[in-house]
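In what follows, a single structure is set out as structure tokens and then discussed.
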Amino acid sequence: MRYFDIGVNLSSEQFAKDRADVICRAQSAGIENMLLIGSNIDDSRQAIALAHTFNLTASAGIHPHDAKTAQGNYCETIASLASDSAVVAIGECGLDYNRDFSPREKQREVFAAQVALANKLNKPLYMHQRDAHQDFLAIVKEAEVPGVVHCFTDSGQALEAYLELGFYIGITGWLCDERRGDTLRQLLPQIPLDKLLFETDAPYLLPRNIKPKPKSRRCEPMHITHVVAQAAELYGLPVEEVANAAFNNAHKLFALEVSACD
């Protein structure tokens, strides 16, 4: 069984006291690689530094929540960060009309600029979309590079549109949430195995199918095994087949070599 967690917020203060232990627990659970998410310039720098410390990968970009703080030369700065060997994607970038922490016009401007930058650098996109499907779709249609729609929780119409564009779909512990994950569980079998990726979005979205329930609500990369197990059940396929498919997909998207099994 081989796992690649394509979404970890390792720079979060929730991991400040035990980052090395978190990585060790993940590796013991079979997680061979992780992508550390950069959500703004400073966070991207931290993600890159941590990726080098733990021999992982990272993204560099500006999240829609942080679009309002983007300075005039932000694309040049992201491009410089993306030249680092640890950086395999541009983002987390996109649109979020659910919380609207940044003005929508500014979100669209910063997202479109990062799509153009990804095209220029030939780097895949790491994307976020909440309650903004139509505007998001209009912008990503300009993408000339592959990408992943991170933490997908949208409708069947949105899923169909993203698959038609060739994007990968990132699945989190939302799938394991009996309170709000029903739509996603119904849609999951419509995601081809060759477009499937898994992520924890740690320290968020702790899978609710963990038994016994952890004392802490903090999600860790090691918990991705529960997301994959839930997905395999919904596909009606062996867990190993689903896990390995997503593992190989991550390497293909991020242009990484797949190491031989030990």
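Under the numbering used here, the first residue of the sequence shown is numbered 21, with each subsequent residue one higher. Built from N, CA and C at the ideal position, the CB exists for glycine as well.
>> Within 8 Å, do at least three Cβ pairs link the segment 246 to 253 to the segment 222 to 236?
In response: yes
> From the DSSP output, which residues share a beta bridge with residue 150?
Replying inline: 116
> Which residue's Cα is closest to the Cα of residue 159: 176, 130, 173, 144?
Replying inline: 130
> In chain order, what residues of the same chain have a beta carbon less than 6 Å from the beta carbon of residue 187, not counting five sequence neighbours either side?
Replying inline: 167, 169
>> Per DSSP, what are the beta-bridge partners of residue 79 in this structure?
In response: 109
>> Threshold first: 4 residues or longer. Then list the alpha helix (DSSP H) segments lying entirely within the segment 133 to 194, N to C.
In response: 153 to 160, 176 to 184
> What is the residue span of the alpha helix (DSSP H) that residue 202 lies within?
Replying inline: 202 to 207
>> If I follow the unbroken alpha helix (DSSP H) through residue 260, where does it start and stop?
In response: 259 to 273
> Quick one: Cα of residue 153 to Cα of residue 21, how far?
Replying inline: 34 Å
>> Starting from residue 217, trace the beta strand (DSSP E) in both directions and tell me its first and last residue.
In response: 216 to 218
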